[in-house]
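Engineer:
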Amino acid sequence: MDVINHDILIVGGGGAGLRAAIEISKSNPSLKTAVVSKVYPMRSHTVAAEGGSAAVLKEDDNHDLHAYDTVKGSDFLADQDAVEVFVRDATREVVQIERWGCPWNREEDGRIATRWFGGMSRKRTLHAADKTGFHLLHALFQTSLKYDTLMRYDEWFVAALLVDEGKLGGVLALDTRRGVFSILAAKAVILCTGGVGRMYAFTSNAGIKTGDGAALAYRAGAPIKDMEFIQFHPSGLLRTGILITEASRGEGGYLYNKDGKRFMENYAPSKMELAPRDIVSRSIIEEVLAGRGFEGPYGSYVQLDLRHLGEAKIMEKLPMVRELCLDFAGMDPVHEPIPIRPTMHYTMGGVHTDKDGKTPIAGLYAAGEGGCVSIHGANRLGSNSLTELLVFGARAGRSAAEYVPISKPCSSERLQSLAKREMDIIQKRYMQPGNGKEKAGAILADLRKTMDEKVGIYRTDDGLKDAVQIIQRLKERFTGIRITQQSKVFNTELTGAMELDNMLEIAHVIAMNARIRKESRGGHARKDFPKRDDEQFLHHSLVFKTPEGPKRETFPVTITKWKPEERKY
Amino acid sequence: MAHSMNSISGKTEATKTYRRDIPNTWWLKKGSYFLFILREISSVFVALYAIFLLIQLCALSGGQERYESTAAVFKSGWMIILHVVIWVFVMYNMVTWFRISGRIFGAKPLSPVLVTISNYIIWLIVSIGIIFLLLKG
Amino acid sequence: MGEEITLNITRYNPDKDGKYTTQRYSIPYKNDWSILDALNYVKAELDGSLTYRWSCRMAVCGSCGMMVNGTPRLTCSTYLNEFYPKEITIEPLANFPVIRDLVVDINDFMAKLKSAKPWIIRKNKRDEDDTSKEYLQTTGQMDKYYQQTLCINCTLCYAACPVYGLHPDFLGPAVIALGHRYNKDSRDEGKADRREVLASEHGVWKCTVVGDCTEVCPKHVDPSAAIQRTKVDSAINWFFSFLTGRK
Numbered sequence: 005m006d007v008i009n010h011d012i013l014i015v016g017g018g019g020a021g022l023r024a025a026i027e028i029s030k031s032n033p034s035l036k037t038a039v040v041s042k043v044y045p046m047r048s049h050t051v052a053a054e055g056g057s058a059a060v061l062k063e064d065d066n067h068d069l070h071a072y073d074t075v076k077g078s079d080f081l082a083d084q085d086a087v088e089v090f091v092r093d094a095t096r097e098v099v100q101i102e103r104w105g106c107p108w109n110r111e112e113d114g115r116i117a118t119r120w121f122g123g124m125s126r127k128r129t130l131h132a133a134d135k136t137g138f139h140l141l142h143a144l145f146q147t148s149l150k151y152d153t154l155m156r157y158d159e160w161f162v163a164a165l166l167v168d169e170g171k172l173g174g175v176l177a178l179d180t181r182r183g184v185f186s187i188l189a190a191k192a193v194i195l196c197t198g199g200v201g202r203m204y205a206f207t208s209n210a211g212i213k214t215g216d217g218a219a220l221a222y223r224a225g226a227p228i229k230d231m232e233f234i235q236f237h238p239s240g241l242l243r244t245g246i247l248i249t250e251a252s253r254g255e256g257g258y259l260y261n262k263d264g265k266r267f268m269e270n271y272a273p274s275k276m277e278l279a280p281r282d283i284v285s286r287s288i289i290e291e292v293l294a295g296r297g298f299e300g301p302y303g304s305y306v307q308l309d310l311r312h313l314g315e316a317k318i319m320e321k322l323p324m325v326r327e328l329c330l331d332f333a334g335m336d337p338v339h340e341p342i343p344i345r346p347t348m349h350y351t352m353g354g355v356h357t358d359k360d361g362k363t364p365i366a367g368l369y370a371a372g373e374g375g376c377v378s379i380h381g382a383n384r385l386g387s388n389s390l391t392e393l394l395v396f397g398a399r400a401g402r403s404a405a406e407y408v409p410i411s412k413p414c415s416s417e418r419l420q421s422l423a424k425r426e427m428d429i430i431q432k433r434y435m436q437p438g439n440g441k442e443k444a445g446a447i448l449a450d451l452r453k454t455m456d457e458k459v460g461i462y463r464t465d466d467g468l469k470d471a472v473q474i475i476q477r478l479k480e481r482f483t484g485i486r487i488t489q490q491s492k493v494f495n496t497e498l499t500g501a502m503e504l505d506n507m508l509e510i511a512h513v514i515a516m517n518a519r520i521r522k523e524s525r526g527g528h529a530r531k532d533f534p535k536r537d538d539e540q541f542l543h544h545s546l547v548f549k550t551p552e553g554p555k556r557e558t559f560p561v562t563i564t565k566w567k568p569e570e571r572k573y
Numbered sequence: 020m021a022h023s024m025n026s027i028s029g030k031t032e033a034t035k036t037y038r039r040d041i042p043n044t045w046w047l048k049k050g051s052y053f054l055f056i057l058r059e060i061s062s063v064f065v066a067l068y069a070i071f072l073l074i075q076l077c078a079l080s081g082g083q084e085r086y087e088s089t090a091a092v093f094k095s096g097w098m099i100i101l102h103v104v105i106w107v108f109v110m111y112n113m114v115t116w117f118r119i120s121g122r123i124f125g126a127k128p129l130s131p132v133l134v135t136i137s138n139y140i141i142w143l144i145v146s147i148g149i150i151f152l153l154l155k156g
Numbered sequence: 074m075g076e077e078i079t080l081n082i083t084r085y086n087p088d089k090d091g092k093y094t095t096q097r098y099s100i101p102y103k104n105d106w107s108i109l110d111a112l113n114y115v116k117a118e119l120d121g122s123l124t125y126r127w128s129c130r131m132a133v134c135g136s137c138g139m140m141v142n143g144t145p146r147l148t149c150s151t152y153l154n155e156f157y158p159k160e161i162t163i164e165p166l167a168n169f170p171v172i173r174d175l176v177v178d179i180n181d182f183m184a185k186l187k188s189a190k191p192w193i194i195r196k197n198k199r200d201e202d203d204t205s206k207e208y209l210q211t212t213g214q215m216d217k218y219y220q221q222t223l224c225i226n227c228t229l230c231y232a233a234c235p236v237y238g239l240h241p242d243f244l245g246p247a248v249i250a251l252g253h254r255y256n257k258d259s260r261d262e263g264k265a266d267r268r269e270v271l272a273s274e275h276g277v278w279k280c281t282v283v284g285d286c287t288e289v290c291p292k293h294v295d296p297s298a299a300i301q302r303t304k305v306d307s308a309i310n311w312f313f314s315f316l317t318g319r320k
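Residue numbers (the working numbering), protein chains in the order written: chain A, 5 to 573; chain B, 20 to 156; chain C, 74 to 320.
(1) Can you check whether the C-beta of residue 301/C is within less than 8 Å of a C-beta belonging to chain B?
(2) Return yes when the Cβ of residue 331/A is within less than 8 Å of the Cβ of residue 132/C, no when it is not.
(3) Within the 8 Å Cβ cut-off, does residue 575/A reach chain C?
(4) Should residue 139/B go down as buried or exposed, given a rule of 16 or more other Cβ atoms within 10 Å for buried?
(5) Among the candidates 158/A, 157/A and 132/A, whose CA atom is the shortest distance from the CA of residue 216/C?
(6) Is residue 312/C near the ligand ADP - that is, is its Cβ less than 7 Å away from at least one heavy atom of it?
(7) Quick one: is residue 45/A buried, meaning 16 or more other Cβ sit within 10 Å of its Cβ, or exposed?
(8) Which two residues bound the contiguous alpha helix (DSSP H) that contains residue 394/A?
(9) Exposed or buried, residue 33/A, counting other C-beta atoms within 10 Å across all chains shown (16 or more means buried)?
(10) Counting contacts by CB-CB distance shorter than 8 Å, is residue 55/B in contact with chain C?
(11) Output yes or no for whether 8 Å exceeds the beta carbon distance between residue 282/C and residue 189/C.
(12) The beta strand (DSSP E) that contains residue 48/A, what's its start and end?
(13) Could you tell me the boundaries of the alpha helix (DSSP H) in which residue 168/A lies?
(14) With H, G and I counted as helix, E and B as strand and the rest as coil, what does DSSP make of residue 21/B?
(15) Roughly how many whole angstroms lie between the Cα atoms of residue 78/B and residue 309/C?
(16) Can you tell me whether residue 100/A is buried or exposed? The criterion is at least 16 other CB atoms within 10 Å of its CB, across all chains shown.
(17) What distance in whole Å lies between the Cβ atoms of residue 359/A and residue 89/A, which are believed to be in contact at a cut-off of 8 Å?
(18) Let me see if you follow: with CB-CB separation under 8 Å, is residue 37/B close to chain C or not?
(19) What residues are listed by DSSP as bridge partners for residue 140/C?
(20) Compare the C-beta of residue 111/B against all C-beta atoms of chain C and say whether one is closer than 8 Å.
(21) Please classify residue 259/A: does DSSP put it in a helix, a strand, or coil?
(22) DSSP three-state label for residue 333/A, please.
(23) Taking only beta-carbon atoms, is residue 231/C less than 8 Å away from chain B?
(24) Say whether chain C places a C-beta atom closer than 8 Å to the C-beta of residue 34/B.
(25) Taking only beta-carbon positions, decide if residue 127/B is within less than 8 Å of chain C.
(26) On the three-state DSSP scale, how would you describe residue 348/A?
(27) Anything in the segment 197-209 of chain C with a Cβ closer than 9 Å to a Cβ of chain A? List those residues in chain order, please.
(28) Beta-carbon within less than 7 Å of residue 21/B's beta-carbon, same chain only, minus the 5 sequence neighbours each way: which residues are those?
(29) Cα-Cα, which of 218/A, 308/A and 94/A is closest to residue 260/A?
(30) Report buried or exposed for residue 44/B, applying the criterion of at least 16 other Cβ atoms within 10 angstroms of its Cβ.
(31) Please classify residue 376/A: does DSSP put it in a helix, a strand, or coil?
(32) Of the choices 112/A, 392/A and 401/A, whose alpha-carbon is the least far from that of residue 50/A?
(33) Suppose contacts are defined by Cβ-Cβ distances below 8 Å. Is residue 383/A in contact with residue 235/A by that definition?
(34) Name the chain B residues that come within less than 7 Å of residue 298/C, Cβ to Cβ?
(35) Enumerate, from N- to C-terminal direction, the unbroken alpha helix (DSSP H) stretches of 4 or more residues contained entirely within the segment 35-113 of chain A.
(36) Under 6 Å Cβ to Cβ from residue 479/A, same chain only, skipping five residues before and after it: list those, please.
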């Protein structure tokens, strides 16, 4: 098999991946660096983020406040030393991206403007209209074009990490255009592949969010952390689950139930609509269960009313919200309230890393939504994620670049034999003529339904037990998967099947973790254990892949300044 | 043509991609393309009109006899028909040009409509001025 | 209820027979389905080999551009009910080489994008990475370039542009619009650096103002206006450099 040598590979070309790439190219242009992405970088899901990016910029704000908001938002599961580093780097990073062209909204005096956001005690969320992720991603991508030495493998799918006894040697990747597998050797690999949204039926996430990085790391022997913590964003557009940004509430939007009441008064009387996402999502579900939700052909929902903001404000601050409602819900939020319900949105968990993106495997790093430092703990505050991409993308890039000169490359023979082992599995599973009978689409549909129903906002022991069993059966069905065509050129059935494999692997861990964690914390809510239990569960869930199945360990939470307290808004 | 140095995908031997030929009748396939070609052709008529104007000017400077024989040609039936056709195309050229200049120069704080209407107003003033001169003389 | 709609979809597989053909599919008609929903149905239920790009399904990633009844559209936000009960023809984006079925090769666009230097250029390089404070920019200054920042790189404009179809060396609407975006950004000082490419014979001067790029742009970037304004800038600059003898 062809071997192409590199110093650093970055898997995933979204916000974190591009930020890491720029950091390396800027400071170490002599390093042979490449971004490997299964889509062109402009298509990465960062592009869909809307609300904003939080950082301490204003005089009335300070880093301790941002850190405390984040730690409290995380239901005290975040590692506080990492959070402190995060909020400090954040100030620098958001100015850096402005220097690289990001069109942040401005105050009258030309300085960067900020808005209110859920769970934040100060107005610290920078924003570019309500297309912040779009503007960030394009600013990063266009800036990355500056560096002639930065290579890209556009539409190459990473099928496996090649790890030789705890040390990374490279990746096995498929050039989807030609249908050819190659070994991309590297001294360091940074996984920036995002979360797992597509395993849920109702999600804000794009089709490409299939948890590839977590699965790659997991199979290679790296642990994945806190997978049970899934964030459901309160305002997903009815029918599609498309995101309606939290900024719509940040700019003053109200949530109403069937009786025309702003029901958040009963659940978070102080913060109201701007309570953290897990609390608002649960509140909506409670209203619906109590019969106070609206019913329609697409299910139950509540209303997000922006009418009182006026057309001018909506067009200035929330133009994308209006576009989305017109294009995908056939209604105009200037004149009608928006029908919304909670949608699967973000994966707090991911590949276990330290503050510098380092995993326990030498040479393997992770950053962005696909990594778990952890700064979000059990629940992420809105607008901390875009900042996370910049902060930890840069940090992972830096630490990978520092590691390269002291790393020892893997021998070519060893890489070939590791790659051959992976190819044998791929060939056996996907490339036998007349293989299996199972349709990938059917297995995926069953997985998505199961996750929605049994590993959703509210979980129970029975539901989770069923979920684990169903997922195990789906994994068995998957071994008999049928790829209808063996064409090499752009075989999306093949890549789709590999993505499904990744999702099944991770879904199993999520369901298992959720069952073991007998408490409610942040985004993980148990009907049978409704209280937070710091005594038994103030720890991270670390899961390793073993021949016997997933093995769970605990990992301590680092507490520096803020002792866990009751989380009320 | 600029070549990207970054993209590996842009450099590897691609499998056989399919290139679709563009037929010579491409401009008949879509309304907007047809109108575009019409607009481009209108410039021929604008040029033709300019040439006619030059011929008449030359004739004017060539003395009474020369002028009258030229004028006779221009008063003939087929010349008048031709001039009507020219006028339609020149009008089309003008209308499309006014619309486009609105789009080009109508950035904030102006607006496309403002710029286009200003053009029409100027045209109106100049046209009235010329008609006035002609009628007076 | 049994209502159905027919899709005529382009098929091309260089690995199989290399024939460029059309295949008819009859699918159930759902009033709220987009073309993308229909394609996903075909792939999941009828023909797993159907190949196309998609991702966000909310018209912001730019992946799903295809020709729908001869017009370049984003299939995630184009609905069956716009055409029902008539048949719908779905073809790969025009003016690009076809890799497979509905997937086209956009690497030409990617290369041209880089050539236009779409990034902030400062005379003092140190400005670019100075994080002590932001550049000041008012909303009025931002208005001058903001519209062109909205480009999602979907390349529908290239599919609509007959000049690009006939002269593939043309830089194209989106690339010029993005070059213009940076030229008009008050924080940028790189107009001269972009001039060679933008004002070349393959750049703005190849545009004959057909205007279809602006018509099909799903994000109202108005690339045509950006191109014509760049022509004006370029002409003025040439005139002054001619006068002063400076470049």
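Quick reminder that beta carbons are idealized off the backbone N, C-alpha and C, glycines included.
Structural biologist: With the structure as the only source:
(1) Taking Cβ atoms only, chain B reaches closer than 8 Å to residue 301/C, which makes this a yes.
(2) Result yes, Cβ atoms of residue 132/C and residue 331/A sit closer than 8 Å.
(3) Residue 575/A lies beyond the range of chain A shown here (5 to 573); nothing can be said about it.
(4) Residue 139/B should be labelled exposed.
(5) Taking each of 158/A, 157/A and 132/A in turn and checking the Cα distance to residue 216/C, the smallest one comes out for 132/A.
(6) For the structure depicted, the ligand ADP is absent and the ligand set is empty, with no information on it obtainable.
(7) Per the 10 Å Cβ criterion, buried.
(8) Here the alpha helix (DSSP H) through residue 394/A covers 388-407.
(9) In this structure residue 33/A is exposed. Its beta-carbon is surrounded by fewer than 16 other beta-carbon atoms within 10 angstroms.
(10) Between residue 55/B and chain C, the shortest Cβ-Cβ separation is below 8 Å.
(11) No. Outside cutoff.
(12) Counting along the chain, residue 48/A falls outside any beta strand (DSSP E), and DSSP gives it neither H nor E.
(13) Looking at the DSSP string, residue 168/A is not in any alpha helix (DSSP H); the run it does join, the beta strand (DSSP E), is 160-168.
(14) The predicted model places residue 21/B with a pLDDT of 31, which falls under 50 and marks its position as unreliable; any figure quoted below should be read in that light. Of the three classes helix, strand and coil, the one that applies to residue 21/B here is coil, per DSSP.
(15) Those two C-alpha atoms are separated by around 38 Å.
(16) Buried, by the Cβ-count rule.
(17) Correct: roughly 5 Å between the Cβ atoms.
(18) Yes, its Cβ sits closer than 8 Å to a Cβ of chain C.
(19) The secondary-structure analysis by DSSP pairs residue 140/C across a beta bridge with 145/C and 164/C.
(20) So, not an interface residue.
(21) For residue 259/A, the three-state secondary structure derived from DSSP is strand.
(22) Residue 333/A falls in the helix class under three-state DSSP.
(23) Under the Cβ distance rule, residue 231/C does not count among the residues neighbouring chain B, no pair being separated by less than 8 Å.
(24) Yes, contact with chain C.
(25) Taking 8 Å as the CB threshold, residue 127/B lines the interface with chain C.
(26) The DSSP-derived three-state label of residue 348/A is strand.
(27) Correct list: 200, 201, 202, 203, 204, 205, 206, 207, 208 and 209.
(28) Only weak support exists for where residue 21/B lies, its pLDDT of 31 falling under 50; the value from the coordinates is given anyway. Within the same chain, residue 21/B has no close Cβ partners at all.
(29) Checking every option, the nearest Cα to that of residue 260/A belongs to 308/A.
(30) Counting Cβ neighbours within 10 Å, residue 44/B comes out exposed, since fewer than 16 surround it.
(31) Of the three classes helix, strand and coil, the one that applies to residue 376/A here is strand, per DSSP.
(32) That would be 392/A, whose Cα lies nearest to the Cα of residue 50/A.
(33) The Cβ-Cβ distance between residue 383/A and residue 235/A falls below 8 Å.
(34) 122 and 123, listed in chain order.
(35) Fully contained in the segment 35-113 of chain A are the following alpha helix (DSSP H) runs of length 4 or more, in chain order: 67-77 and 84-103.
(36) Within the same chain, residue 479/A has close Cβ partners 508.
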